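Read the structure below first, then the notes.
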Amino acid sequence: MTDSYVVARALSKSFGRKSVLESLSCDVQPGDVVGVLGKNGAGKTTLLELMLGFTPATSGEVRVFGHDSWRLPGSAKARVGFVPQQDELVNQLSVGDQIRLIRSFYKSWDDALVDRLVRLWEIDLAERVRSLSVGQRQKLSIVLALGPKPDLLILDEPVASLDPIARRHFLEQIVEVAADGNRAVILSSHIVSDIERLASRIWILKDRHLYWHGDFDALRDSIVRLHVRTAATLPAELEIPNALRIERSETGAMAVVRDWNPERGREIAALVGAIPEVEPLTLEEIFLELHR
Amino acid sequence: MFILKPHSGVPIYRQLLEQIRRLVSSGQLAPGTPLPSIRELALEHAINPMTVSKVYSLLETEGVLERHRGKPMTVAAQRPGRAPVASRRKALEPHVDNLVLAGRQLELDLDELVEALRTRWEKTDD
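Line by line, the protein sequences give chains A and B.
Okay, so the first sequence: first residue is 1 according to our numbering, each after it adds one.
Okay, so the second sequence: first residue is 293 according to our numbering, each after it adds one.
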C-alpha cells in the first residue's frame, strides 16, 4: 500500500489515564470517500486530529502521504485540507482578508472555485468575520479548505449549521472532489443521509474501536434485518448465529444479523421453518441497531 | 433521466442498475441514446461518482451500454429491435422474487399465484 494517502496501524490514544481510541488500523486510498460515524464522544474528532498531526499517538502510528502525521513536512501539509468542528477564523478580519490570509500559505490556490462558492453562498467579502452567522462561518471554513485543492480533505461536522440548500451545494463539492480519482475525503458527520449518498467506505467508531472499516456496500450487505412471518414453525428457543437482536411476536420473528450472505438463508430456513425475507437497512438504521 | 432514492435502504448502485436495464429492455432508452457522464449523474443526484462508474462498467460488460472514447456512453444496439429475452428476464427477476415471497408469506400455492397473475395479466389485454 505504498500509494495510500493515510495508513493507521494499531493506533491508540489516551489522555492521561483515559483511553479514547484503542488499536485502530485502517487506511485511505486515493478516490475514497470515507464516512466516519460514531456516537458523540466516540473519538471521531480525536481520530481526525491524530491524522492531521495535531496530537501525537500514544502508541501505534498513523502515516499521511507516507510521513508520520506528527512530523508532517510542509509539502505534505499543503496537500491536506481541513474543516474543523470549531472554526478557526480570525474575527477581526474581513472575509476578503481572511481568504487572502489562508491563500498566502499555499503555492497553488483555485481562485475561480473560491470566487464561485463565495458568490453561490452569498458571503459578503467586505463583511467582518465576527458579524457572520454560524452558518456563514461554516461555509467560509469549507471554502477555505477547498481553496488549495487538497489531495486529502478532512471534514469534522462541516455542515451541522447549514440549511438543506447550502448542504446540497456542499455535497456537490464533495462529488467534484470524489470525481477526481486522485483525491480523497474523510467526512465525519451526524448527517447520516449525507454520508449515505457519498461514502464509498465507512468507519464506525464504537467503544474505542473501529467496529467497522470497509466498503459501504459490504456493510449494507452484511448487516440486514430478517423477517419470518409464520409463527407456527418457529422453535421455542430461537438461536440465530451472529444475531444482534431477535424479536418475536404472534405473527413471527425479526432478527438483525451481521455477516449476512445469501447462503445463510438456507441455514436460517432450516432453523425457523421458513425462508426469511431479507430487508436491507439504511445507514441510519444500521447505526441505530449497533447502538441498541 | 433516473429516479434514485438514496435513503430507501436499497443500495443506489442496485437502483440505477435495475432502472437502466429495465428502460433499455422496454425500449424507453433506445439504442444510441447517450447517457449522462459519470460526473453529471453524480452531481445531479449528489451521489458518489464511483457508484455510477461501477454501474456503467457492469452494464458495458453485459452489452447493455457501449463506451466511446472521449464521448458519452450510449445504449448499445440491442438485437433485434428489442433486448434479448435473457436480459429482459434478468430485469424481471427482482419483481418475480417479490411475488414469490409474497405468495409464500400468504401461504398460497403456485397454482393460486399463477391464477392471480393470469387474472391481472388478462385485465390489461387491450
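Note that CB positions come from ideal geometry on N, CA and C, so glycine has one too.
The model shown is predicted, which means the values in this text are computed figures rather than measured ones.
Chain A partners of residue i, CB-CB under 8 Å?
i, result
"G301/B", "E279, P280, L281, T282 and E285"
"P298/B", "S193, E196 and R197"
"Y305/B", "D217"
Report all residues from its chain with a CB closer than 7 Å to the CB of residue i; omit the five preceding and five following residues, and keep chain order.
i, result
"P280/A", "R220 and V224"
"A76/A", "V64, F65 and H67"
"R229/A", "T251 and G252"
"T46/A", "K13, V20 and L21"
"M1/A", "Any answer about M1/A is weak, because its pLDDT of 48 lies below 50 and its placement is not dependable; what the coordinates show is given next. Contacts found: V7 and D27."
"G355/B", "A368"
Using the beta-carbon of each residue, which ones in chain A are nearer than 7 Å to residue i?
i, result
"R331/B", "A179"
"A334/B", "V175 and A179"
When DSSP labels each residue in this structure, what does residue i get in the three-state scheme?
i, result
"S75/A", "helix"
"K13/A", "strand"
"R313/B", "helix"
"S19/A", "strand"
"E277/A", "strand"
"V392/B", "helix"
"Y5/A", "coil"
"F65/A", "coil"
"F82/A", "strand"
"M293/B", "coil"
"T366/B", "strand"
"I268/A", "helix"
"R100/A", "helix"
"W70/A", "helix"
"K39/A", "coil"
"D215/A", "strand"
"S249/A", "strand"
"A232/A", "helix"
"E284/A", "helix"
Can you name, in chain order, every residue of its own chain whose Cβ lies under 8 Å from the Cβ of residue i, other than the five neighbours on each side?
i, result
"P84/A", "S141 and D156"
"D3/A", "Q29 and P30"
"E407/B", "none"
"R292/A", "L244 and R245"
"G265/A", "I275, P276 and V278"
Within the present structure, is the beta-carbon of residue i separated from the nearest heavy atom of the ligand ZN by less than 7 Å?
i, result
"R100/A", "The ligand ZN is not part of this structure, which contains no ligands at all."
Give me the chain B residues within the contact set of residue i, using Cβ-Cβ distance strictly less than 7 Å, ordered along the chain.
i, result
"I275/A", "R396"
Which residues in chain B have a C-beta closer than 9 Å to the C-beta of residue i? List them in chain order.
i, result
"A199/A", "N340"
Between which residues of its own chain and residue i is the CB-CB distance below 6 Å, once the five residues before and five after are set aside?
i, result
"G324/B", "T366"
Taking Cβ-Cβ distances shorter than 8 Å, what residues in chain B pair up with residue i?
i, result
"R229/A", "Q397"
"R220/A", "P303"
Legend entry - Uninterrupted beta strand (DSSP E) stretches inside the region 320–364 of chain B (no shorter than 3 residues): 357–360
Legend entry - Those runs of the beta strand (DSSP E) which lie wholly inside the region 102–179 of chain A and span at least 3 residues: 152–156
Inset, instruction - Anything in the region 165–197 of chain A with a Cβ closer than 8 Å to a Cβ of chain B? List those residues in chain order, please. - result: R168, L171, E172, V175, E176, A178, A179, S193, E196 and R197
Inset, instruction - Can you give me, in chain order, the residues of the region 307–322 of chain B that have a beta carbon less than 7 Å from any beta carbon in chain A? - result: none
Inset, instruction - Identify each residue in the region 379–404 of chain B for which the Cβ-Cβ distance to at least one residue of chain A is less than 8 Å, and report them in chain order. - result: L393, R396, Q397 and E399
Legend entry - Residues within the region 88–120 of chain A neighbouring chain B, beta-carbon criterion of under 7 Å: none
Inset, instruction - Would you list, in chain order, the members of the region 19–44 of chain A that have their beta-carbon closer than 8 Å to a beta-carbon of chain B? - result: Going along the region 19–44 of chain A in chain order, one finds G31 and V33 with a Cβ nearer than 8 Å to chain B.
Inset, instruction - Give the residues from the region 240–254 of chain A that approach chain B closer than 8 Å (Cβ to any Cβ), ordered along the chain. - result: Taking 8 Å as the Cβ-Cβ cut-off against chain B, none of the residues of the region 240–254 of chain A qualify.
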